[in-house]
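Participant: Provided herewith is a single structure, encoded as structure tokens, for subsequent inquiry.
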Amino acid sequence: MGKKIYIILATTLFAAFVLVFNTFPRSTVSQVEKRELAKFPQFSFQSLKEGKFTKELSAWFSDSEPYRDHFINLSMNIKDWMRMNFSKENAITFHAPDAAPIDIEAPDINSSDLQQNDTIPQNSKDTVENRKIEEYRNKLTAEENAKIAHAGIVIVGTGSKVRALMAYAGDSTGGVKYAEAANIYKRKLGKKVNVYLMVIPTAIEFYCPDAVKSRTKSQRATINNIFAHLSDSVKAVDVYTTLGRHASEDIYLRTDHHWSPLGAYYAAKKFAQVAGVPFKDTTSYVRKVVKRYVGSMYGYSKDISVKKAPEDFVFYEPDSTVTYTTTYINYNIDENYKVTGESGPFKGKFFFHYKDGSGSAYCTFMGGDTKLTKVETSTKNHRRLIIIKDSFGNALPGYLFFSFEEIHVIDYRYFTFNMEQYVKDNKITDILFANNIFSAYSNSITRRYTKFLTQDHATFYPPKPKPKPVEENKEAAPAENTEAAQEAI
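The opening position of the sequence shown corresponds to residue 87 in the working numbering, with each subsequent residue numbered one higher.
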């Protein structure tokens with residue numbers, strides 16, 4: 087009897103899955119993974135012959151399963167329950183790591199930010215201060231619990247204090263091409279254009295617990311190497327030391343791979359000091375909050391504890407003492423993130439407001455990455471800045487409206503103009519490279535930066551061939567055919 091019941095239950099469950107997976111509407115977007123799912127492939131006899139069609143069809147069927155996000159959430163909840171109830175050391179678990187995604191995002195020991203050097207600390211005073219930061223960081227993380235989640239991500243803490251950290255695998259000899267790109271820009275653009283380089287560390291550098299420090303490498307070592315390869319005419323912006331002094335504050339998002347707007351504020355302050363431009367503190371800004379924010383690390387880690395620990399996304403808009411106008415060129419991209427066209431220029435807002443609970447809050451700044459942005463401010467000092475960046479750089483320009491007359495924001499993935507000509511046309515005086523450590527370490531990304539100097543905008547969008555004219559008929563065309571002939575043209 088028991089065997090029959092088991093067979094009936096198993097058959098019913100199997101039939102239910104068959105019904106759901108074959109008749110219910112397919113998923114097209116995963117909010118958990120923050121991506122579009124595979125699309126039904128386009129059929130051709132050639133793709134069928136090559137086996138491409140069946141391969142893509144299989145990928146579509148498995149990727150677009152009905153209620154995909156619900157099943158992912160169910161799986162994560164079951165795994166979390168099993169970890170908490172059956173693991174002898176439930177604070178630390180290990181999952182097979184995949185390639186970590188790139189953008190893929192302490193007490194104030196010394197508040198005199200503006201008095202610090204903008205390059206690698208050299209003198210004994212700076213060495214002592216950095217040692218204090220290191221000692222505090224070790225004290226901060228020594229008692230934390232941690233586990234290694236999907237994609238090489240470290241999950242730190244419990245309950246509402248959970249923090250997801252992305253492990254770093256770079257070494258102390260990396261990032262040379264990033265420095266060389268800045269050096270090339272300075273040589274090409276000459277004395278009239280100041281060039282600065284900023285490397286943004288990620289959160290694991292400041293919050294990694296002792297238990298899993300062997301799973302990540304020193305970002306400071308890579309940053310030191312990058313700065314060491316800069317020419318004397320390129321100015322380094324050492325935000326590592328600046329951020330270290332503020333590590334007890336919310337300078338990084340707990341549920342997202344980006345830094346927080348507060349972290350970007352401290353970095354912008356350091357950059358303004360190096361560039362010799364004015365800078366306003368937070369009293370000149372209006373504080374805004376998006377509550378119950380859960381960012382990208384939930385999808386990357388596939389760990390339910392991240393979803394259960396939402397945070398406040400706090401950002402700052404300049405007050406009315408500065409005015410500004412934002413102009414965009416939007417880039418159209420295909421499924422491989424390749425630029426296929428552009429629209430604009432058009433006026434728009436710089437700060438986009440999202441509802442509480444929205445997972446898109448980091449797009450507050452300019453609405454995202456796929457655009458070229460120009461901000462004209464009421465600050466009149468003849469200083470015009472380009473920020474060349476990845477998504478970490480999105481949070482920087484909003485703090486510099488009091489500092490520059492114009493700010494141009496260029497994402498490394500989508501710029502289509504010739505950089506030398508763009509600098510000349512817009513009378514640019516300053517260029518800031520602002521990238522997170524993963525981007526700075528990537529040779530392919532920095533190759534794009536040097537390509538900007540030689541590329542031709544026209545090659546991105548070659549003119550469409552003109553249609554062949556309809557040959558003139560020696561005999562008069564019937565009146566009823568005239569409209570059809572015009573449509574053919």
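Backbone N, C-alpha and C define an ideal beta-carbon position, used for all residues, glycine too.
1) Sorted by chain position, which residues of the same chain lie with C-beta nearer than 6 angstroms to residue 519's C-beta, five sequence neighbours on each side aside?
2) For residue 305, count neighbouring C-beta atoms within 10 Å of its own C-beta (all shown protein chains included) and say buried if the count is 16 or more, exposed if not.
3) Between which two residues does the alpha helix (DSSP H) holding residue 532 run?
4) Starting from residue 250, follow its DSSP beta bridges and name the residues at the other end.
5) Select from 394, 430, 447, 385 the residue whose C-alpha is nearest the C-alpha of residue 402.
6) Identify which residue in 435, 444, 405 has its Cα closest to the Cα of residue 460.
7) Does any residue of chain B bring its CB to less than 8 angstroms from the CB of residue 376?
8) Could you tell me the distance, in whole angstroms, from the CA atom of residue 328 to the CA atom of residue 303?
9) Identify every residue that forms a DSSP beta bridge with residue 497.
10) Could you tell me the distance, in whole angstroms, from the CA atom of residue 449 to the CA atom of residue 542?
11) If you compare alpha carbons, which of 300, 344, 270 is closest to residue 315?
12) Residue 347 lies in the alpha helix (DSSP H); which residues open and close that run?
13) Name the two residues that bound the continuous alpha helix (DSSP H) containing residue 310.
14) Over the uninterrupted alpha helix (DSSP H) stretch that includes residue 409, give me the two end residues.
15) With burial defined as no fewer than 16 other Cβ atoms inside 10 Å of the residue's Cβ, what is the status of residue 356: buried or exposed?
16) Name the DSSP beta bridge partners of residue 492, please?
17) Counting C-beta neighbours from all protein chains within 10 Å, is the total for residue 528 16 or more, i.e. buried, or is it exposed?
18) Thinking just about the alpha-carbon of each residue, which of 291, 517, 438 is nearest to the one in residue 360?
19) Pop quiz: residue 532 and residue 263 are said to be a contact at Cβ under 8 angstroms. What is the actual Cβ separation, rounded to whole angstroms?
20) Report the rounded CA-to-CA distance for residue 647 versus residue 484, giving the unit in angstroms.
Facilitator: Per the coordinate set shown:
1) Excluding sequence neighbours, residue 519 sits near 268, 283, 474.
2) Around the beta carbon of residue 305, 16 or more other beta carbons sit within 10 angstroms, so the residue counts as buried.
3) 529 to 537
4) 241
5) 447
6) 435
7) Absent from the structure is chain B; it holds one protein chain and no more.
8) One C-alpha to the other measures close to 20 angstroms.
9) 475
10) 29 angstroms
11) 270
12) 347 to 361
13) 305 to 314 is the span of the alpha helix (DSSP H), which, as asked, contains residue 310.
14) Going by DSSP, residue 409 is part of no alpha helix (DSSP H) at all; its letter is neither H nor E.
15) buried
16) 462, 470
17) buried
18) That would be 517, whose Cα lies nearest to the Cα of residue 360.
19) 4 angstroms
20) Because the chain in this structure spans residues 87 to 575, residue 647 falls outside the shown range and cannot be described.
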